[in-house]
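In what follows, a structure is listed as structure tokens, so that the remarks can point back to it.
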Amino acid sequence: MISATPATLIIGYGNPLRGDDGVGWYVAQHLAAIMPATVACVRACHQLTPDLAEPVSQVRRVIFIDADAPCQDADAAPPVPEYGRIRCQRVAPDWSAAISACSHHLVPAVLLMYAAVLYGTSPVALVLTVTGVSCAHTQALSPAVVAVLPALVNQVQMLARSTTCEISYF
Amino acid sequence: MAQRILIDPVTRIEGHARITIHLDDDGIVNDARFHVTQFRGFEKLCEGRPFYEMPSLMARICGICPVSHLIASAKACDAILAVRIPTTAIKLRQIMNLAQIVQSHALSFFYLAAPDLLLGMDSDPAQRNLAGVLQSHPQLARDGIRLRQFGQQIIEWLGGKRIHPAWVVPGGVNEPLTASRRDQILATIPEALRIIQRSLDWFKRSLEGYREEIQSFANFPSLFMGMVNEQGGLEFYDGYMRIVDATGAIVADQLDATRYQDYVEEAVEDWTYLKFPYYKPAGYPHGIYRVGPLARLNIADHCGTPLADQEWAEFRSLQRGSVLSSFYFHYARLVEILFGIERIAELLNDPDILSDHVRALAGPNNYEGIGVSEAPRGTLLHHYQIDAQGLITWANLIIATGHNNLAMNRGVLQVARHFMSGTAITEGALNRVEAVIRAFDPCLSCSTHAQGVLPLHVQLLGSDGTVLDEVWRG
Numbered sequence: 001m002i003s004a005t006p007a008t009l010i011i012g013y014g015n016p017l018r019g020d021d022g023v024g025w026y027v028a029q030h031l032a033a034i035m036p037a038t039v040a041c042v043r044a045c046h047q048l049t050p051d052l053a054e055p056v057s058q059v060r061r062v063i064f065i066d067a068d069a070p071c072q073d074a075d076a077a078p079p080v081p082e083y084g085r086i087r088c089q090r091v092a093p094d095w096s097a098a099i100s101a102c103s104h105h106l107v108p109a110v111l112l113m114y115a116a117v118l119y120g121t122s123p124v125a126l127v128l129t130v131t132g133v134s135c136a137h138t139q140a141l142s143p144a145v146v147a148v149l150p151a152l153v154n155q156v157q158m159l160a161r162s163t164t165c166e167i168s169y170f
Numbered sequence: 171m172a173q174r175i176l177i178d179p180v181t182r183i184e185g186h187a188r189i190t191i192h193l194d195d196d197g198i199v200n201d202a203r204f205h206v207t208q209f210r211g212f213e214k215l216c217e218g219r220p221f222y223e224m225p226s227l228m229a230r231i232c233g234i235c236p237v238s239h240l241i242a243s244a245k246a247c248d249a250i251l252a253v254r255i256p257t258t259a260i261k262l263r264q265i266m267n268l269a270q271i272v273q274s275h276a277l278s279f280f281y282l283a284a285p286d287l288l289l290g291m292d293s294d295p296a297q298r299n300l301a302g303v304l305q306s307h308p309q310l311a312r313d314g315i316r317l318r319q320f321g322q323q324i325i326e327w328l329g330g331k332r333i334h335p336a337w338v339v340p341g342g343v344n345e346p347l348t349a350s351r352r353d354q355i356l357a358t359i360p361e362a363l364r365i366i367q368r369s370l371d372w373f374k375r376s377l378e379g380y381r382e383e384i385q386s387f388a389n390f391p392s393l394f395m396g397m398v399n400e401q402g403g404l405e406f407y408d409g410y411m412r413i414v415d416a417t418g419a420i421v422a423d424q425l426d427a428t429r430y431q432d433y434v435e436e437a438v439e440d441w442t443y444l445k446f447p448y449y450k451p452a453g454y455p456h457g458i459y460r461v462g463p464l465a466r467l468n469i470a471d472h473c474g475t476p477l478a479d480q481e482w483a484e485f486r487s488l489q490r491g492s493v494l495s496s497f498y499f500h501y502a503r504l505v506e507i508l509f510g511i512e513r514i515a516e517l518l519n520d521p522d523i524l525s526d527h528v529r530a531l532a533g534p535n536n537y538e539g540i541g542v543s544e545a546p547r548g549t550l551l552h553h554y555q556i557d558a559q560g561l562i563t564w565a566n567l568i569i570a571t572g573h574n575n576l577a578m579n580r581g582v583l584q585v586a587r588h589f590m591s592g593t594a595i596t597e598g599a600l601n602r603v604e605a606v607i608r609a610f611d612p613c614l615s616c617s618t619h620a621q622g623v624l625p626l627h628v629q630l631l632g633s634d635g636t637v638l639d640e641v642w643r644g
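These protein sequences, in sequence, are chains A and B.
Counted the way the working numbering counts, the first sequence spans residues 1 to 170.
Counted the way the working numbering counts, the second sequence spans residues 171 to 644.
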């Protein structure tokens with residue numbers, strides 16, 4: 001139910017009570033405060049849900065922001081230099097993922113498929129992830145993730161403001 | 171040899187549970203149990219917290235129906251404050267509560283039950299999921315998404331966010347409604363009405379195909395309990411408790427909801443974490459009763475809005491007396507969605523809905539408070555006691571799903587007896603055992619539940635515990 005729909009939808013998702021898992025949610029909250037509504041519609045969610053299929057179908061481009069696993073255990077992989085790494089990947093609708101989907105763990109590829117099946121269109125989609133350090137019970141992001149937030153925000157803004165749907169991967 | 175069938179976990183419900191079915195030496199079902207395997211402990215967690223934190227704290231019990239806990243908890247805190255909250259605040263709380271009824275019922279019907287209803291109880295479990303519904307019935311899926319959006323959007327517009335809004339507070343709500351927001355919500359009403367009427371038409375036409383499920387899904391005499399308003403109409407926020415029997419006769423009426431301990435008692439069994447409330451005068455387990463959409467339509471004299479009243483009359487004509495089959499929970503949910511949409515529009519058009527006076531301020535004036543409301547799944551009770559500093563010393567919550575515990579257990583047994591024998595356990599029979607639970611839409615917590623390939627584990631155990639056969643799915 002978006003009234004004046006801009007070309008880009010930004011969806012940052014994660015649980016802000018679980019440390020770095022909430023990085024997408026935090027970044028979306030920040031972007032919602034600073035990005036003009038004419039450039040992008042920004043939504044902060046705890047998780048992706050089927051309800052988002054409609055707004056996803058209404059834009060030319062959707063940018064997902066999420067934490068990258070594994071971040072459950074600070075003692076486990078990835079090695080220290082990987083923490084806070086930002087990745088950007090293009091994602092396409094995936095019906096096979098939809099078949100095995102769990103309603104509490106919807107992934108962008110499935111949401112895009114829902115949009116395609118229900119509303120006949122699926123936008124160009126990018127997933128920006130940040131490799132987290134810990135998903136422990138805390139509202140604080142780890143220092144490694146905090147350190148890359150300015151770069152992440154800049155990259156999302158750059159992508160949202162670009163006039164083409166072509167992307168540069170980083 | 172006696173055998174035991176285990177369904178673990180039960181899928182497409184909110185929370186964690188398993189079902190065991192016990193067969194006798196001849197392979198005949200002689201018992202079945204619905205085990206709730208999770209423990210939350212919110213009553214203990216909140217001890218020592220300031221009472222005014224309770225609405226926000228208790229809302230965390232659930233991500234599907236947090237507004238229900240907000241409402242019941244805030245009402246308990248109103249009682250501790252000993253204030254009469256402003257009438258506009260009552261109406262605004264009612265709007266949010268109804269919006270949640272709509273979105274929660276839409277989730278239950280279109281997301282969780284629709285795979286069974288649209289694709290068939292016996293269909294391939296790999297297809298019998300939300301993705302299958304999207305593929306086979308995209309219009310109905312779009313309708314479900316739209317109705318859920320409708321309810322969630324109203325909650326967000328009123329409370330700032332869709333899940334766990336902090337807008338409902340002790341003494342009222344923390345912000346009045348603006349004219350632009352009111353108009354925004356009103357603009358969404360016509361489409362929501364069209365969708366629910368379309369859905370009702372479809373479901374009523376399809377009922378003929380579920381004759382066997384209607385006959386066997388927790389279809390037995392029981393009491394029904396819920397809240398009605400002073401006119402005997404459907405009520406979700408505040409009113410009297412009424413109890414009717416299977417014939418439709420009123421067993422008890424005009425009961426004070428806050429005196430629930432006079433007529434409801436809870437039993438405990440050692441094989442489940444969910445307690446068993448029962449109607450005290452009838453004893454345990456004879457005091458079995460049901461709450462929720464089916465019960466509410468059975469106890470009410472009418473709904474109170476034009477379109478819902480028509481649907482209620484048609485619903486009640488299904489059977490003389492009370493409508494007994496729990497399969498009709500699905501039908502009742504749709505009628506309540508219709509009522510919710512109509513009633514939201516009525517409340518928004520109330521002349522004082524934009525009043526700035528939306529909160530009564532006071533300190534604690536009582537050491538005890540009880541809040542009762544109707545949640546999507548039935549009557550919800552929050553009962554708190556505080557000390558002189560306003561800190562919680564004791565809390566008791568009776569969640570709607572708990573009221574239905576006896577009925578769900580009996581329903582599982584009925585379905586198992588109808589569809590199962592030790593010699594032939596079909597996929598469709600297993601699914602129906604789960605589907606009868608889904609009809610109640612239990613909210614065991616907001617925990618994960620699969621909706622893709624069902625993670626079903628069935629074991630056939632000998633009386634000595636030996637695994638005779640085992641099937642894994644998912």
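By construction, the Cβ of each residue, glycine as well, lies at the ideal position given by its N, Cα and C atoms.
C-alpha gap between residue i and residue j, whole angstroms
i	j	result
B:Val623	B:His334	At B:Val623, the pLDDT of 35 sits below 50, so the modelled position is not reliable; the number obtained from the coordinates is stated separately. Rounded to the nearest angstrom, the two C-alpha atoms are 30 Å apart.
A:Pro16	A:His105	16 Å
B:Asn200	B:Ile384	22 Å
A:Glu166	B:Phe446	Residue placement at A:Glu166 is poorly supported in this model, since its pLDDT is 47, which falls under 50; the coordinates still yield a value, given next. Looking at the two C-alpha atoms, the distance is approximately 59 Å.
A:Val145	A:Thr131	8 Å
B:Arg718	B:Gly329	Residue 718 of chain B lies beyond the range of chain B shown here (171 to 644); nothing can be said about it.
B:Tyr430	B:Asn389	26 Å
B:Ile458	B:Asp479	28 Å
A:Ser34	A:Pro150	Here residue 34 of chain A turns out to be Ile, not Ser, going by the sequence shown. Distance between the alpha carbons of A:Ile34 and A:Pro150: 13 Å.
A:Gln157	A:Ala116	26 Å
B:Ala244	B:Ile568	15 Å
B:Asp522	B:Val528	11 Å
B:Arg352	B:Ala515	9 Å
B:Ala419	B:Ser306	43 Å
B:Phe497	A:Leu141	47 Å
B:Ile271	B:Ala483	21 Å
B:Pro451	B:Gly560	35 Å
Integer Cβ distance of residue i from residue j, believed to fall under 8 Å
i	j	result
A:Ala7	A:Arg61	6 Å
B:Ser117	B:Ser543	Not covered by the structure: residue 117 of chain B. The range shown for chain B is 171 to 644.
B:Glu439	B:Tyr448	With 8 Å as the limit, B:Glu439 and B:Tyr448 do not qualify as a contact, their Cβ atoms being about 12 Å apart.
B:His573	B:Thr549	6 Å
B:Leu504	B:Leu288	Contact flag wrong, Cβ pair sits at about 14 Å.
B:Arg316	B:Ile325	Not quite, the Cβ-Cβ distance comes to about 15 Å (not below 8 Å), so this is no contact.
B:Ile540	B:Leu551	7 Å
Selected residue, minimal CA-CA separation from residue i, among the options
i	options	result
B:Pro612	B:Ala349, B:Gly342, B:His205	B:His205
A:Ala69	A:Gln155, A:Asp21, A:His137, A:Val145	A:Asp21
B:Leu531	B:Asp371, B:Ile255, B:Arg188	B:Ile255
A:Gln29	A:Thr38, A:Arg18, A:Tyr13, A:Gly19	A:Tyr13
B:Arg513	B:Met266, B:Ala545, B:Val528	B:Met266
A:Val153	A:Arg18, A:Gly24, A:Leu9	A:Gly24
B:Glu382	B:Met578, B:Met291, B:Tyr410	B:Met291
B:Ser350	B:Arg188, B:Asp371, B:Leu467, B:Asn519	B:Asn519
B:Pro346	B:Trp482, B:Ile260, B:Gly533	B:Ile260
B:Gln273	B:Lys245, B:Ala249, B:Gly233	B:Gly233
B:Val606	B:Leu561, B:Pro534, B:Leu304, B:Ser278	B:Ser278
B:Pro285	B:Pro308, B:Arg263, B:Ala427	B:Pro308
B:Arg580	B:Ala362, B:Leu176, B:Ile191	B:Ile191
B:Ala283	B:Ala269, B:Gln270, B:Arg298, B:Ile271	B:Arg298
B:Ala269	B:Pro295, B:Arg602, B:Arg318	B:Arg318
B:Leu576	B:Pro391, B:Arg364, B:Pro463, B:Ala242	B:Pro391
A:Ile11	A:Ser134, A:Gly84, A:Val107	A:Val107
With 16 other Cβ atoms within 10 Å as the buried cut-off, status of residue i
i	result
B:Leu356	exposed
B:Arg608	buried
B:Thr358	buried
B:Trp337	buried
B:Asn468	buried
B:Trp441	exposed
A:Asp66	buried
Check your understanding: Curious, which full-length alpha helix (DSSP H) runs of at least 4 residues does the region 209-281 of chain B contain?
Key -> Correct list: 212-215, 224-229, 236-251, 257-276.
**Study point:** Length-filtered (4 minimum) alpha helix (DSSP H) runs lying within the region 542-610 of chain B
**Key:** Runs of the alpha helix (DSSP H) inside the region 542-610 of chain B: 570-573, 575-589, 597-610.
Check your understanding: What runs of the alpha helix (DSSP H), each 4 residues or longer, lie entirely inside the region 286-340 of chain B?
Key -> For the region 286-340 of chain B, whole alpha helix (DSSP H) runs of length 4 or above, ordered along the chain, are 300-306, 308-329.
Check your understanding: Which ranges does the alpha helix (DSSP H) cover as unbroken runs of at least 4 residues, wholly within the region 125-150 of chain A, from first to last along the chain?
Key -> As far as the region 125-150 of chain A is concerned, it has no whole alpha helix (DSSP H) run of at least 4 residues.
Review point. Taking the runs of the beta strand (DSSP E) that are 3 residues or longer, which of them lie wholly in the region 401-489 of chain B?
Key: Runs of the beta strand (DSSP E) inside the region 401-489 of chain B: 410-414, 420-426, 434-437, 446-449.
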